[in-house]
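*Asks:*
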Amino acid sequence: MQTLVQALRPSLFWDADFAQLDDERHAAHIIQRVVERSTLDEWRATRPHYGDERMKAVVTQLRSL
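Under the numbering used here, the first residue of the sequence shown carries the number 1300, and numbering increases by one thereafter.
(1) Determine the DSSP secondary structure at residue 1310, reduced to helix, strand or coil.
(2) Have a look at residue 1348 and residue 1342 and give me their C-alpha separation to the nearest angstrom.
(3) Going by beta-carbon coordinates alone, are residue 1357 and residue 1331 separated by less than 8 Å?
(4) To the nearest angstrom, report how far apart residue 1312 and residue 1328 are at their CA atoms.
(5) Taking Cβ to Cβ, would you say residue 1338 is nearer than 8 Å to residue 1322?
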């Protein structure tokens, strides 16, 4: 089974070491990039992984939106 990070394009995280991304430790960063720059397929992989409430909590704290 593929992890969430493996389902995402490395180019979403041009400023980070993609190999070191952890879907729990870096959840806020991953959610931010998915919301701002992902494809629909990446969004569909991310939403069930984190759930609506967790994504909403991160998104409402973003300064960029």
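No residue lacks a Cβ here, since even glycine has one placed at the ideal position from N, Cα and C.
*Replies:* With the structure as the only source:
(1) The answer is helix: DSSP assigns residue 1310 an H, G or I state.
(2) Going by the C-alpha atoms only, they are around 10 Å apart.
(3) Between residue 1357 and residue 1331, the C-beta spacing is below 8 Å.
(4) So the two alpha carbons sit approximately 9 Å from each other.
(5) No, the Cβ-Cβ distance between residue 1338 and residue 1322 is not below 8 Å.
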